[in-house]
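Report on one structure; see the data block that follows.
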Amino acid sequence: MANGFALAIDALADPTRRAVFERVAIRPAPVGEIAAGLPVSRPAVSQHLKVLKEAGLVRERQEGTRRIYRIDPRGLAALRKWLDGFWAGALAEFKTFADGASEEQP
8 MANGFALAID ALADPTRRAV FERVAIRPAP VGEIAAGLPV SRPAVSQHLK VLKEAGLVRE
68 RQEGTRRIYR IDPRGLAALR KWLDGFWAGA LAEFKTFADG ASEEQP
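The numbers in the numbering used here rise by one with no breaks, and the one at position 17 of the sequence shown is 24.
Right, dumping it as structure tokens:
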């Protein structure tokens, strides 16, 4: 899923889309509930959800006449795996720095 993380990052780069994603992360919800209180229209929220869905970050389930959106754990796992690669490197650099700093102390 080398391209999946790029789609996810691009999708989350938009502040409104990130706000939509954060609301869905709190709990699954229909579009109307997600849109409540956001400074964009319900159709705009639907478009943001479409982009998040295409990026693999959310999925939908039909419940009667409503679609309920929730986080897609597979998309988050791919994004986290990519980020963890940076985290491992950062920790290794910190260890090197800390080891060097402790050797310099009297």
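Ideal Cβ placement from N, Cα and C applies to all residues, glycine included.
With DSSP as the reference, label residue i as helix, strand or coil.
i	result
Ala62	coil
Ala36	strand
Determine whether the beta carbon atoms of residue i and residue j lie at a separation below 8 Å.
i	j	result
Arg24	Ala15	no
Pro37	Arg73	yes
Ile78	Val65	yes
Gly82	Gly11	yes
Whole angstroms is fine: what's the gap from residue i's alpha carbon to residue j's?
i	j	result
Gly92	Ala20	20 Å
Tyr76	Thr103	44 Å
Ala95	Ala108	20 Å
Ala85	Glu40	27 Å
Gly63	Ala13	11 Å
Leu90	Ser53	27 Å
Ala42	Arg49	6 Å
Give the C-beta separation of residue i and residue j to the nearest angstrom, bearing in mind that I take them to be a contact with Cβ-Cβ under 8 Å.
i	j	result
His55	Val31	Their Cβ separation, rounded to whole angstroms, is 10 Å, which puts His55 and Val31 out of contact at 8 Å.
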